[in-house]
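Working notes, structure below.
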Amino acid sequence: MDVARMQAYCLAKPGAWPDNPWGHEHPVIKVGPGERGKIFAFLGADTVGVKSGRTREVADEWLHRHPDDAEVMRYIGRSGWNTLTMGRGIPDEELLEAVDESYRLVVEGLPKKLQPDGWDT
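Position one of the sequence shown corresponds to residue 1374 (the numbering used here), numbered consecutively onward.
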């Protein structure tokens, strides 16, 4: 898995779009319209930051399964966000499932009128 493939996977989700609010090398991927859009993936050169659970306890399962390739995300980790390393110990399929779960959790948190059509199929 590399960042280009991960970005393409994220952007293929209904209502997903790239944003670069902090001028980093890689964008964050949001869902929802404009200013009301919410981030569901933070892309890095070899990492992806995802919402791994509604609670820190649920998100910690990633840390136990992949102690060398998963860590609590800085600043927002207490809210269930983890940084996962791509291209090492976490299988690509699991990384994609993590993005799927992050997307689902974020979209479910949006008001119904802001949720994109077809997101739950």
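Backbone N, C-alpha and C fix where the C-beta goes; we use that ideal spot for every residue, glycine too.
Among the candidates the options, whose CA atom is the shortest distance from the CA of residue i?
i, options, result
"Pro1394", "Gly1388, Lys1386 and Lys1403", "Lys1403"
"Met1379", "Val1421, Arg1409 and Ile1463", "Val1421"
For residue i, which residues from the same chain have a beta carbon less than 7 Å from its beta carbon, with the 5 sequence-adjacent residues on both sides left out?
i, result
"Leu1478", "Lys1424 and Arg1427"
"Asp1433", "none"
Which residues does DSSP pair with residue i in a beta bridge?
i, result
"Leu1457", "Val1421 and Ala1443"
"Val1401", "Asp1392 and Phe1415"
Can you tell me which of the three DSSP states residue i falls into?
i, result
"Trp1390", "strand"
"Leu1416", "strand"
"Asp1465", "helix"
"Trp1492", "coil"
Give every residue of the same chain whose Cβ lies closer than 8 Å to the Cβ of residue i, excluding the five residues on either side of it in the sequence, and list them in chain order.
i, result
"Gly1410", "Trp1390, Asp1392, Lys1403 and Val1404"
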